[in-house]
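For reference, the structure discussed in these notes is given below.
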Amino acid sequence: MSETSAADLKRELEVLLRRAEVAVPADRMDAVLAGYGDLKRLCALLRQPRTAAAEPSNTFSLVTLMKGA
Amino acid sequence: MSSTTKPLHELSIAEAGAALRAGEVTATALAQDALARIAALDGALNSFITVTAERALADAAAADAAFKAGTDAGPMQGIPYALKDIYDTAGIRTTCHSKLLVDNVPAADSVVAAKLKAGGGVLLGKLSTHEFALGGPSFDLPFPPARNPWNPEHIPGGSSSGSGAAVAAGLCRMAMGSDTGGSIRGPAAYCGTVGLKPTYGLVSRRGVFPLSYTLDHCGPLSWTVEDSAITMEVIAGHDPLDPASADVPAPDFRSGLDGDVTGLRIALPRHFFAQAEGVSPEVVAAIDKAAALLAKAGAIVEEVTIPDYELFNAVGRVIMFSEAFAIHEKDYRERPLDFGRLTFTRMILGATLSAADLTQAYRLRRELAVAVNHQLLKQYDAILCASALAPAARFDSMSDAFPPNWPIQTMPFNVTGNPAMSMPAGFSASGLPLSVQIVGRPFDEATVLRIGAQIETALALTGLRPATAALRQAA
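Quick note, the sequences are listed as chains A and B, same order.
Quick note: the first sequence uses our numbering, first residue 691, plus one each step.
Quick note: the second sequence uses our numbering, first residue 8, plus one each step.
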């Protein structure tokens with residue numbers, strides 16, 4: 691990864707963490723950043739060609755919901 | 008060696024149950040033997056967080072009284088067992104191995120704890136885990152990490168680390184674990200035990216601290232395939248108060264323990280593990296040997312292809328981190344430094360994911376579950392593959408890098424929800440256990456156990472146990 695893209699990745703992570711209102715101690719930031727880079731790679735794999743009709747696995751079901759009511 | 012001449016701790020649940028019913032041993036003697044073994048060995052293994060000696064002896068006395076009165080609550084009556092310390096136990100602390108819950112004493116039992124109690128089981132205590140079933144192995148938590156009985160310099164796997172270590176060391180015959188991405192099957196693989204992740208929804212999760220609602224499974228680790236089958240008889244069943252619980256009849260878990268695999272069609276996705284990063288040739292050879300043994304016993308074993316592992320991994324990790332962070336969000340804001348370093352740096356990744364990421368993960372999850380169940384398992388009765396890709400790593404090789412540097416291939420079947428079992432398949436040149444994973448159709452644990460029973464008989468490894476002399480000295 692280039693120096694610029696590494697800096698961009700870190701800036702992006704910092705924005706997301708600020709939005710989530712969580713603070714990362716300085717000595718844990720490198721590990722979180724490494725994990726974030728890998729998770730971004732995995733997120734890209736989730737985007738597969740599919741139609742709008744492709745439902746998620748956990749579609750809302752009243753039958754399931756009412757079972758434990 | 009017959010069951011009557013074996014040391015008590017080597018009796019399986021089935022053997023101990025027969026001895027109890029024949030009056031050859033008492034539940035109190037089994038409990039005392041287990042407590043003495045824990046006292047002698049666990050100082051070197053750290054598998055227990057809390058030993059419930061008084062409770063164990065009271066449970067054992069009650070079981071002995073029941074036998075005397077002719078009352079039989081089932082196959083766990085009088086049998087010592089232990090629970091991963093994320094299972095709620097009324098009046099007994101349930102810490103999740105975390106500073107955040109170090110004083111947590113639940114008012115009620117988890118469903119599984121209640122079923123084992125009602126079944127006459129003898130609770131020995133609560134077992135080490137990775138913090139909140141995710142981060143570890145860690146040395147910055149209130150309790151030390153569990154160690155591998157085959158070599159304490161090596162990790163036992165996780166997150167059901169204490170469960171794997173305790174069963175392998177013969178401290179108990181069965182320990183309950185939980186599995187969100189491999190947390191039953193990983194420790195089973197590294198510690199040389201059986202570890203069964205049942206079908207999603209078959210065992211109630213109520214009262215077990217969640218890591219990821221849609222990926223969490225509860226199941227047993229045991230020394231033998233039969234002992235996992237027996238445990239499932241007691242713990243499986245519909246729970247209307249668990250939203251994921253499946254309202255299906257409980258299968259007959261012991262129906263296939265004769266191990267007859269004649270005519271079974273078994274899929275072998277060899278590319279999936281043999282070409283994976285970090286795979287050990289010893290693991291590949293062990294799986295090939297198991298496949299050959301099954302073919303020799305009459306099964307039809309055929310090589311197949313399944314979707315790329317990284318797709319399952321992406322789905323599993325995005326869902327797990329999203330759901331886990333949602334559970335712990337408040338503590339991340341208010342008590343962040345009370346998490347151990349590894350838990351903190353891994354779980355916080357959930358804060359970076361978008362709603363679209365999570366929805367795409369759920370969409371791909373459906374597609375992968377269809378690929379495995381509708382395409383592959385319509386033609387085959389089971390899948391034979393790897394659980395751990397290499398023997399257990401050394402503690403001093405661990406880093407806080409993500410993902411952790413101990414490769415396993417268990418997440419796919421948390422994503423699909425199929426029953427999956429890791430079991431011993433041999434030993435590495437360094438003397439550490441090797442394993443295979445057997446995956447079945449939903450609610451067809453009986454076939455998974457049937458295939459496991461055949462491999463167990465053919466390999467005849469159950470008589471090989473970790474040497475304890477060094478552990479006694481180190482304890």
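No residue lacks a Cβ here, since even glycine has one placed at the ideal position from N, Cα and C.
Three-state secondary structure (DSSP) of residue i
i, result
"B:Cys6", "Because chain B in this structure spans residues 8 to 482, residue 6 of chain B falls outside the shown range and cannot be described."
"B:Met8", "Confidence is the limiting factor: at B:Met8 the pLDDT is only 45, short of 50, which leaves the residue's position unreliable, though a coordinate-based value still follows. Here B:Met8 sits in coil by DSSP."
"B:Phe359", "A quick correction: the sequence has Thr, not Phe, at residue 359 of chain B. DSSP places B:Thr359 in helix when its eight states are reduced to three."
"B:Thr57", "strand"
"B:Arg272", "strand"
"A:Val712", "coil"
"B:Met181", "strand"
"B:Val32", "coil"
"B:Lys13", "coil"
"B:Ile307", "strand"
"A:Arg740", "coil"
"B:Val201", "strand"
"A:Lys730", "helix"
"B:Lys133", "strand"
"B:Gly171", "helix"
"A:Lys700", "helix"
"B:Gly143", "coil"
"B:Lys75", "helix"
"B:Tyr88", "strand"
"B:Ala46", "helix"
"B:Val291", "helix"
"B:Val286", "coil"
"B:Val112", "coil"
"B:Val255", "coil"
"B:Ala333", "helix"
Closest Cα partner of residue i within the set the options
i, options, result
"B:Ile445", "B:Cys225, B:Thr187, B:Leu439, B:Ala427", "B:Ala427"
"B:His16", "B:Ala26, B:Arg44, B:Glu31", "B:Arg44"
"B:Leu90", "B:Pro163, B:Lys106, B:Gly169, B:Ala36", "B:Gly169"
"B:Asp254", "B:Ala243, B:Ser262, B:Ala25, B:Asp338", "B:Ala243"
"B:Leu391", "B:Leu134, B:Phe139, B:Gly424, B:Ser429", "B:Ser429"
"B:Gly184", "B:Ala195, B:Phe434, B:Val325", "B:Ala195"
"B:Ser442", "B:Thr238, B:Arg192, B:Gly285, B:Val455", "B:Arg192"
"B:Ala331", "B:Gly128, B:Gly188, B:Arg154, B:Leu130", "B:Gly188"
"B:Ser211", "B:Gly347, B:Thr475, B:Asp249", "B:Asp249"
"B:Thr417", "B:Met405, B:Ala395, B:Gly433, B:Ala432", "B:Ala395"
"B:Ile273", "B:Val308, B:Phe279, B:Ala297", "B:Val308"
"B:Asn111", "B:Asn53, B:Asp79, B:Phe216", "B:Phe216"
Bridge partner(s) assigned by DSSP for residue i
i, result
"B:Pro431", "B:Ser442"
"B:Pro227", "B:Met183"
"B:Thr96", "B:Ile99"
"B:Gly447", "B:Ala389"
"B:Glu138", "B:Gly142"
"B:Ile415", "B:Ala395"
"B:Val325", "DSSP lists no partner for B:Val325."
"B:His161", "B:Arg401"
"B:Val210", "B:Ala243"
"B:Val379", "B:Val379 is not bridged to any residue."
"B:Val455", "In DSSP, B:Val455 forms no bridge with anything."
"B:Val215", "B:Tyr94"
Chain-ordered chain B contacts of residue i [CB-CB under 9 Å]
i, result
"A:Val714", "Pro343, Phe351, Thr352, Ile355"
"A:Leu707", "Ile355, Ala358, Thr359"
8 Å Cβ cut-off: residues of chain B touching residue i
i, result
"A:Glu704", "Here the premise fails: no neighbours, minimum Cβ distance about 10 Å."
"A:Arg718", "Arg348, Phe351, Thr352"
Within chain A, the residues that residue i reaches when beta carbons sit closer than 8 Å
i, result
"B:Val325", "Leu729, Leu732, Cys733, Leu736"
"B:Arg340", "Glu711, Val712"
"B:Glu317", "Leu732, Leu735"
"B:Val322", "Leu736"
"B:Asp364", "Cys733, Leu736"
Proximal chain A residues relative to residue i, where beta-carbon distance stays under 7 Å
i, result
"B:Arg212", "Here the premise fails: no neighbours, minimum Cβ distance about 12 Å."
"B:Thr454", "Result: empty, since nearest Cβ-Cβ is about 24 Å, beyond 7 Å."
"B:Thr221", "Asn748"
Cross-chain neighbours of residue i in chain B, by beta carbon under 7 Å
i, result
"A:Ala697", "The contacting residues do not exist; A:Ala697 stays about 17 Å from chain B at best."
Identify each residue in the segment 367-385 of chain B for which the Cβ-Cβ distance to at least one residue of chain A is less than 7 Å, and report them in chain order.
Cβ contacts with chain A: Gln367, Ala368, Tyr369, Arg370, Leu371, Arg372, Arg373, Ala376.
At a Cβ cut of 9 Å, what residues of the segment 728-757 of chain A count as close to chain B, listed as they run along the chain?
Look at the segment 728-757 of chain A: the residues with a C-beta under 9 Å from a C-beta of chain B are Asp728, Leu729, Lys730, Arg731, Leu732, Cys733, Ala734, Leu735, Leu736, Arg737, Gln738, Arg740, Ala744, Glu745, Pro746, Ser747, Asn748, Thr749, Thr754, Leu755, Lys757.
What are the residues in the segment 250-269 of chain B lying within 9 Å of chain A by C-beta distance?
Per Cβ criterion, the list reads Pro250, Ala251, Ser252, Asp254.
Check distances from the C-beta atoms of the segment 414-448 of chain B to those of chain A and list, in chain order, the residues that come in under 8 Å.
Cβ contacts with chain A: none found.
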